[in-house]
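Take the position in the sequence shown, starting the count at 1, then add 1; the result is the number in this note's numbering. Down below is the structure, laid out as structure tokens.
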Amino acid sequence: MPSHLDQPSVPRDRASRGGRQRDPAADRAILDATLALLGEGRAYGDLSMDLVAQRAGVARATIYRRWRNKEELVLSALTTLDLPVPPLAGLDLRQRLVTLVDQLRHRGQDTPLHRLMGSLLSEAVRRPHLVERFEDTVVAARREALLDALRDGVDSGELRPGLDLDDAVEILSGPMAARLILRQRPVESPKFAETIVDTFLNGTRAHPAGTTPGTAPEPPPPPEEPQP
């Protein structure tokens with residue numbers, strides 16, 4: 002079993018009913034069954050608690066004692082697949098951004114989460130709240146790390162004041178997600194993340210390359226005098 006499934010996420014309602022002790026093995030089996038069914042290509046809309054219970058070898062009531070509905074179960078299962086935010090201490094702005102954007106490559110490429118994203122995206126139009134909850138649970142920590150880096154960049158004067166940070170996160174995350182999930186094209190090295198970040202920084206720095214605060218870029222040379 003993959004290491005990231007060794008510790009299933011804890012459902013919100015952890016209180017056991019009737020004072021009975023909860024069985025962690027049942028939690029694991031239910032989450033594994035949910036991921037397996039979605040990973041086999043089953044659409045979210047076709048997934049049911051009965052199918053999960055049958056695959057996990059537990060009673061349907063066992064699932065409902067842990068998760069109130071299918072949405073909470075799926076989000077809990079997806080959360081077990083996410084990677085923790087990488088260490089960022091001591092890195093400059095560019096290095097922090099490259100590290101965070103490149104981790105999208107590791108979590109979104111040939112991983113269980115990558116294979117399940119198609120099923121989730123297919124539900125985006127019919128169930129936008131599901132995607133919103135996915136962002137609030139699975140990607141919230143990484144999004145906040147990007148926002149922290151961008152705020153520090155604005156505060157330090159590296160990024161221009163008034164930069165829309167939410168838009169900036171979308172600009173930084175979108176190209177990698179499009180490459181891996183929509184176009185299904187592999188990314189072999191961090192170079193693509195570096196290209197994304199450098200393109201972003203070139204358009205958002207507070208001072209153009211080659212200048213420093215309090216100075217202006219060198220003016221262009223005067224036009225040549227026409228020859229008689």
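Using N, Cα and C, we set each Cβ at its ideal position, and we do this for glycine too.
Buried versus exposed call for residue i [16 or more other C-beta atoms within 10 Å across all chains shown]
i    : result
A141 : exposed
D33  : buried
D165 : exposed
A78  : buried
R237 : In this structure the chain extends from 2 to 229, so residue 237 is not present and cannot be described.
V75  : buried
A54  : buried
R180 : buried
S174 : buried
D28  : buried
P129 : exposed
G154 : buried
Bounding residues of the alpha helix (DSSP H) (the contiguous stretch that carries residue i)
i    : result
R144 : A141 to D156
Y65  : R61 to Y65
R56  : M50 to A57
T81  : Neither: T81 is in no alpha helix (DSSP H) and is coded neither H nor E.
D168 : L166 to A178
Y133 : The sequence shown places Glu at residue 133, not Tyr. That run of the alpha helix (DSSP H) goes P129 to T138.
L202 : K192 to T205
R69  : Note, R69: premise wrong, no alpha helix (DSSP H); not H, not E.
S33  : Correcting the residue type first, residue 33 is Asp in the shown sequence and not Ser. Looking at the DSSP string, the run of the alpha helix (DSSP H) that includes D33 is P25 to G40.
Sequence-distant residues of the same chain with beta carbon closer than 8 Å to residue i, five excluded per side
i    : result
I172 : F201
A37  : R56
D51  : R61
P162 : V155 and A207
Contact test: residue i Cβ vs the ligand MN heavy atom, cutoff 7 Å
i   : result
Y65 : Only the bare structure without any ligand can be found here, which leaves the ligand MN out of the picture.
Whole-number beta carbon distance between residue j and residue i, since they are thought to touch under 8 Å
i    : j    : result
R143 : V86  : 6 Å
R106 : A194 : 7 Å
R134 : E41  : About 23 Å; that fails the 8 Å criterion.
Beta-carbon proximity list for residue i, same chain, < 6 Å, skipping 5 on both sides
i    : result
L147 : L101 and V170
R97  : L89 and A150
N203 : none
Nonlocal neighbours in the same chain, by C-beta distance under 7 Å from residue i, ignoring five residues either side
i    : result
A30  : A57, G58 and V59
P176 : I197
Is the region 186 to 204 touching the region 90 to 102, taking contact as three or more C-beta pairs under 8 Å? yes
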